[in-house]
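Before any comments, here is the structure.
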Amino acid sequence: MKIVIEQGSASLPVLYRGLHGPPLVACSCAVVLSRLGSESGVQTALIRCYDEEWLSSQPGRPMIVEALRQIDQASIGSALDAGLSGAPRERELQACFDRLTLALSALRVLVIYGEPSPLAWWTRALSYGPSLLPRIRDNAFGGLASSLTDHIRAAALRGLLDQYSAGAFEAFTEGILSDDISVMRTSIMGMRRLRDLRALPLLQPIAFAQSHPLALETRKAIESIAGANAESLVLMRSSHADANVAQVEGLVRPAPPPGSYETGVLLRSICRTADATDGGDFSSHL
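As structure tokens, this is what we get:
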């Protein structure tokens with residue numbers, strides 16, 4: 201490799217041809233090209249990694265993983281930036297696909313390194329929604345690009361939980377507050393997997409909002425986070441009363457175990473009347 205680097209630009213034709221060879225050769229050529237100042241080799245290797253599923257279960261996977269690790273981690277980060285920044289500028293659908301697959305492949309490769317990648321790389325990918333691709337919005341097949349952004353956010357979610365579990369809560373919180381419904385959905389999934397009780401106040405208004413598209417998913421997330429011992433009030437009511445729902449005198453409480461209650465607790469008047477006072481006879485209201 202040292203000899204090839206010393207040859208400089210004279211070795212470029214050989215290196216570019218090598219990018220289309222076997223995975224181990226392609227990775228070695230990408231490393232040399234990167235050291236010569238060209239990141240195009242890394243991008244080519246990453247796109248092939250995605251298209252040919254280098255990281256899938258196969259006999260040669262350990263050697264491929266080791267070859268990919270020889271690529272500088274910063275070069276993978278540069279490829280991620282090229283993909284995320286380039287996709288919104290593309291008008292042609294295929295060119296947009298290429299940029300998105302480049303970013304997705306970079307995210308998948310970043311998790312194989314022994315050292316964590318910068319947190320900002322993962323949080324940026326987590327907030328990457330289809331709303332960032334306005335130039336293909338009217339394309340009949342634009343939904344395919346949107347689905348790729350789903351995979352990008354899913355890869356970011358896995359990376360955050362794997363490398364930054366302690367800092368993932370803040371990233372998911374920011375995502376839940378996003379205006380992009382797709383980013384919100386991914387962040388709610390992240391909170392569900394993180395199982396941090398601090399998420400409950402953030403999730404309740406969404407779970408119990410009328411006609412919210414993510415209400416059902418959010419309620420499931422609350423149930424998963426709160427666990428089997430969650431009080432029914434948490435699972436049944438929002439912490440914010442709806443403007444169209446009449447205020448009640450008290451909140452619903454879970455019933456105590458049989459035999460431990462008093463009739464005065466269970467038998468309450470729905471409304472107070474002039475002849476019904478606390479401690480009075482409520483039989484007329486039953």
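For the record, in the sequence shown the residue sitting at position 128 is 328 according to our numbering, with numbers rising by one throughout.
Every residue gets a Cβ at the ideal spot worked out from N, C-alpha and C, and that includes glycine.
Note that the structure is a prediction, hence the values are computed from the model and not measured.
Could you tell me if residue i is buried or exposed, where buried requires 16 or more neighbouring beta carbons within 10 angstroms of its beta carbon?
i, result
"residue 217", "exposed"
"residue 260", "exposed"
"residue 258", "exposed"
"residue 385", "buried"
"residue 390", "buried"
"residue 243", "buried"
"residue 464", "Because residue 464 carries a pLDDT of 43, less than 50, the predicted location of this residue cannot be relied on, and no value is offered for it."
"residue 398", "exposed"
"residue 241", "buried"
Tell me, to the nearest whole angstrom, how far the beta carbon of residue i is from that of residue j; I am working on the premise that it is less than 8 Å.
i, j, result
"residue 383", "residue 424", "Residue 383 to residue 424, Cβ: 20 Å. No contact."
"residue 376", "residue 404", "Residue 376 to residue 404, Cβ: 11 Å. No contact."
"residue 353", "residue 325", "7 Å"
"residue 268", "residue 312", "6 Å"
Would the beta-carbon of residue i fall within 8 Å of that of residue j?
i, j, result
"residue 335", "residue 395", "no"
"residue 381", "residue 332", "no"
"residue 407", "residue 418", "yes"
"residue 308", "residue 355", "yes"
"residue 270", "residue 317", "no"
"residue 372", "residue 387", "yes"
"residue 305", "residue 229", "no"
"residue 276", "residue 236", "no"
"residue 239", "residue 278", "yes"
"residue 215", "residue 233", "yes"
"residue 487", "residue 329", "The requested residue 487 is not part of the displayed model; the chain covers only 201 to 486."
"residue 213", "residue 264", "no"
Can you give me the Cβ contacts of residue i inside the same chain, cut-off strictly under 7 Å, excluding the 5 residues immediately before and after it?
i, result
"residue 339", "293"
"residue 296", "287, 290, 333, 336, 345"
"residue 225", "218"
"residue 341", "293"
"residue 402", "373, 376"
"residue 272", "234"
The ligand GTP and residue i: does the residue's C-beta get closer than 7 Å to at least one heavy atom of that ligand?
i, result
"residue 313", "No copy of the ligand GTP appears in this structure; indeed no ligand is present at all."
Between residue i and the rest of its own chain, which residues show a CB-CB distance below 6 Å, the 5 nearest in sequence each way excluded?
i, result
"residue 322", "356, 359, 360"
"residue 220", "none"
"residue 412", "406"
Near residue i, which residues of its chain fall below 8 Å by C-beta distance, leaving aside the five closest residues on each side in sequence?
i, result
"residue 247", "298, 301, 302, 305"
"residue 160", "Here the chain comprises residues numbered 201 to 486, so residue 160 is not present and cannot be evaluated."
"residue 252", "223"
Problem - Any alpha helix (DSSP H) of 4 or more consecutive residues that is wholly inside the segment 228-282 - result: 240-251, 261-269
Problem - In chain order, each alpha helix (DSSP H) run of at least 4 residues that lies wholly inside the segment 297-359 - result: 319-326
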